[in-house]
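Here the structure is laid out as C-alpha cells; the discussion comes afterwards.
Residue numbers (the UniProt record's numbering): 1 to 107.
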C-alpha cells in the first residue's frame, strides 16, 4: 500500500544513525531517510490488497518479515533472519510524504 504519512516519530535509533552513522553491523553508507514509528492514511492499494481501502487510517509495523520461516510461522516474527526494517540500512525510513509498505503490516 502507499501511505500518506500523517505522523512520524524520531526515536533513539534514528538519532544514533544521525550522530554515529551506525548501530552495530548496520552502517549508514549513503544518505538515508530516517523514521520508523509512523502512521498515516492509505493513499493507494495494490490489486491484491483486501484488508485495507483508500482513506483508512493506519499505524505501520516497521518490520516486515519473510512470513515463511519457523519463527514467522510460530508467531515470533521479530526473530526472522530475513526481517526488513524501516529506517535500518540499506532500507529508507518513513519520514517523507508517502511511504510504500506491506499491507499486512499496516493496522
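Yeah, the Cβ is synthetic: ideal placement off N, Cα and C, and Gly gets one too.
Item	Value
Under 9 Å between C-beta atoms of residue 45 and residue 1	yes
Segments of 4+ residues assigned as alpha helix (DSSP H) that fall wholly inside the UniProt domain "Alcohol dehydrogenase-like N-terminal" (1 to 106)	12 to 20, 70 to 73
Residue 14, buried or exposed, once every other Cβ within 10 Å from all chains shown has been counted against 16	buried
Classification of residue 106 by the beta-carbon crowding that lies within 10 angstroms, buried from 16 upward	buried
Alpha carbon of residue 50 to alpha carbon of residue 9, nearest angstrom	28 Å
Which listed residue (66, 87, 18) has its alpha carbon closest to that of residue 77	66
At least three beta-carbon pairs within less than 8 Å, the segment 58 to 72 to the segment 22 to 30	no
Residue 88 burial status per 10 Å Cβ neighbour count (16 or more: buried)	buried
Among 42, 86, 84, 12, the one whose alpha carbon lies nearest that of residue 103	42
Cβ shell of residue 82 (< 6 Å), same chain only, five flanking positions each side left out	66
Residue 17 and residue 3 closer than 9 Å at C-beta	no
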